[in-house]
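**Student:** One structure coming up, written as structure tokens, with questions to follow.
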Amino acid sequence: MFSVVIPLYKKELSIKNTIQSVIDQRFPDFEIIVVNDGSTDESENIVRNIKDQRIRLINQKNKGVSAARNRGIAESNEEWIAFLDGDDIWKANHLEEIMVMIKTFPEGDIYATSYEYSDKRKVLSSVDKREIFKVKNYFQKVMEQGLLWSSVVAINRYCLDQVNGFNEALKYGEDTELWTRLAESFQIIKSNKVTAVYRIDAENRSDRHQDITCHFDFHIDLDREVEPDQKKYLTFLVNRRLHVLLRSGEFFDFFKLKHKQKRTKFLYYVLTVFLNRFNHK
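Mapped onto this note's numbering, the consecutive letters of the sequence shown carry residue numbers 16 to 296.
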């Protein structure tokens, strides 16, 4: 039923608990594909010592998380691909909830539950109070709430084949870029039920400087002919990245991105953000 794809890169402190959270699922029809992306720690040995016949370990040279996920997709045997990062955790009801979603909206192509942060910080809450609902306009709704995240999505393999999976040229924002391409053609179903934990405190979370030229936001084409809501969303992504760079003092990357994305009205965006915060005080 499900192929669970776990990209693995130097997660020796986390990977055992991550895999155990899959093994503990109440819905048991799945295979686990762990793609070891050139780890140099004990991650590989830890996976080998977990005794469950549903686990397959694939080793490759370090090529990045997108390449690891794509390798997992290529090696999968099931119709539905569920992703889980090597340091995040599923609650026992995760796959069970996705099955409920599939039965409720069988016409769906992409199913996504909700998640919580391990440090209990606030997650952008849903403005839709239905437990399970069909996303009618992804590009409009995604600016109101977080809809998709790599560790809570299950995607029909046909859809991933149609869009050629993750863009391996991107190091950052590669998941957002994939959701954007998928949302153009396929139906997304969302559940407000929390079934996963985003582990903020896990090892090897990258907080180093991110080269802006390797980020999806840098490569967004604002001249491409798309629907107005999609254009608005893509512009929002660029402006938000500019705002983050400015606030963090990364002025070189700020001007590099601003020069690349000349069509953005960044000052208008900053003013809007300020006024929204002022009005909510």
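Positions of the beta carbon are idealized from the N, C-alpha and C atoms, including for glycine.
Because the structure is a prediction, the values reported are computed rather than measured.
Skipping 5 residues on each side, what residues in its chain have a beta carbon closer than 7 Å to that of Asn85?
**Tutor:** Counting from one through the sequence shown, the residue named residue 85 turns up at place 70. Excluding residues within five positions, the ones whose Cβ falls inside 7 Å are Gly180, Phe181 and Glu183.
**Student:** Per DSSP, what kind of secondary structure is Thr55 in: helix, strand or coil?
**Tutor:** Along the sequence shown, one-based indexing puts residue 55 at 40. Residue state, collapsed to three classes: coil.
**Student:** Would you mind stating whether Ala133 and Arg214 have Cβ atoms separated by less than 8 Å?
**Tutor:** Stepping through the sequence shown from its first residue, residue 133 is reached at position 118. Stepping through the sequence shown from its first residue, residue 214 is reached at position 199. One point to set straight first is that residue 133 is Ser, not Ala, in the sequence displayed. In this structure, Arg214 lies closer than 8 Å to Ser133 by Cβ.
**Student:** Taking just the CA atoms, how far does Lys271 sit from Ala198?
**Tutor:** Within the sequence shown, numbered from 1, the residue matching residue 198 stands at position 183. Within the sequence shown, numbered from 1, the residue matching residue 271 stands at position 256. In a straight line, the C-alpha of Ala198 is about 28 Å away from that of Lys271.
**Student:** Determine the DSSP secondary structure at Ala107, reduced to helix, strand or coil.
**Tutor:** Within the sequence shown, the letter at position 92 stands for residue 107. Three-state result, Ala107: coil.
**Student:** Are Ile65 and Ile34 close, meaning C-beta to C-beta below 8 Å?
**Tutor:** Position 50 of the sequence shown holds residue 65. Position 19 of the sequence shown holds residue 34. Contact: yes.
**Student:** Excluding sequence positions up to five away, which residues of its chain have a Cβ less than 6 Å from the Cβ of Lys106?
**Tutor:** The sequence position of residue 106 within the sequence shown is 91, counting from 1. Hits under 6 Å: Thr210.
**Student:** Contact defined as beta carbons within less than 8 Å: I believe Glu27 pairs with Ser58. What is the distance between those atoms, to the nearest angstrom?
**Tutor:** For the purposes of this step, residue 27 is identified with residue 12 of the sequence shown, where counting begins at 1. For the purposes of this step, residue 58 is identified with residue 43 of the sequence shown, where counting begins at 1. Rounded, the Cβ-Cβ distance is 5 Å, consistent with contact.
**Student:** Pick out the complete beta strand (DSSP E) segments inside the region 134-199, 3 residues or longer, and give them in chain order.
**Tutor:** Listed in chain order, they are 147-150 and 168-171.
**Student:** If you measure from the CB of Lys25, is any heavy atom of the ligand PLP nearer than 7 Å?
**Tutor:** You won't find the ligand PLP in this model; it holds no ligand whatsoever.
**Student:** Among Ile125, Gln75 and Glu111, which has the Cα closest to the Cα of Trp95?
**Tutor:** Walking along the sequence shown from the start, residue 95 turns up at place 80. Comparing Cα positions, the closest option is Ile125.
**Student:** Would Glu19 and Phe45 qualify as a contact pair, given that the criterion is a beta-carbon distance under 8 Å?
**Tutor:** Looking up residue 19 in the sequence shown gives position 4. Looking up residue 45 in the sequence shown gives position 30. Reading the sequence as shown, one finds Val at residue 19 and not Glu. Yes; because the gap between Cβ atoms is below 8 Å, this pair is in contact.
**Student:** By how many angstroms is the C-alpha of Lys144 removed from the C-alpha of Ser81?
**Tutor:** To locate residue 81, count along the sequence shown from 1; it is residue 66. To locate residue 144, count along the sequence shown from 1; it is residue 129. Using only the alpha carbons, I get a separation of about 33 Å.
**Student:** By how many angstroms is the C-alpha of Lys246 removed from the C-alpha of Arg136?
**Tutor:** To locate residue 136, count along the sequence shown from 1; it is residue 121. To locate residue 246, count along the sequence shown from 1; it is residue 231. Distance between the alpha carbons of Arg136 and Lys246: 30 Å.
**Student:** Under the three-state reduction of DSSP, which class applies to Asn64: helix, strand or coil?
**Tutor:** For the purposes of this step, residue 64 is taken as the residue at position 49 of the sequence shown. Looking at Asn64 - three-state DSSP - the assignment turns out to be coil, as it is neither helix nor strand.
**Student:** Between Phe42 and Glu111, is the Cβ-Cβ spacing less than 8 Å?
**Tutor:** The residue you call residue 42 lines up with position 27 of the sequence shown. The residue you call residue 111 lines up with position 96 of the sequence shown. In this structure, Glu111 lies closer than 8 Å to Phe42 by Cβ.
**Student:** Mind checking Gln40: buried by the 16 CB within 10 Å criterion, or exposed?
**Tutor:** For the purposes of this step, residue 40 is taken as the residue at position 25 of the sequence shown. Classification for Gln40: buried.
**Student:** Please return the same chain residues whose Cβ sits closer than 6 Å to the Cβ of Glu242, not counting the five positions on each side in sequence.
**Tutor:** The residue labelled residue 242 in the question sits at position 227 within the sequence shown. Around Glu242: no qualifying Cβ.
**Student:** Tell me, which residues are paired with Phe98 by DSSP?
**Tutor:** By one-based count along the sequence shown, residue 98 stands at place 83. The partner list for Phe98 (beta bridge, DSSP) reads Val20.
**Student:** Who are the near neighbours of Ser165 in its chain, counting only those whose CB is closer than 7 Å to its CB and skipping five residues on each side?
**Tutor:** Along the sequence shown, read from residue 1 onward, the residue named residue 165 stands at position 150. Result list for Ser165: Phe98, Asp100 and Asp190, in chain order.
**Student:** How many Å lie between Gln177 and Thr195 at the Cα?
**Tutor:** Taking the first residue of the sequence shown as position 1, residue 177 is located at position 162. Taking the first residue of the sequence shown as position 1, residue 195 is located at position 180. Taking the straight line from one Cα to the other gives about 14 Å.
**Student:** If you count every other CB in all the chains shown that lies within 10 Å of the CB of Thr55, and 16 or more means buried, which is it?
**Tutor:** Here the question's residue 55 lines up with position 40 in the sequence shown. It counts as exposed.
**Student:** What residue range does the beta strand (DSSP E) around Gln75 cover?
**Tutor:** If you number the sequence shown from 1, residue 75 lands on position 60. Residues Ile70 to Gln75.
**Student:** When DSSP labels each residue in this structure, what does Lys205 get in the three-state scheme?
**Tutor:** Taking the sequence shown and counting its residues from 1, one reaches residue 205 at position 190. DSSP places Lys205 in strand when its eight states are reduced to three.
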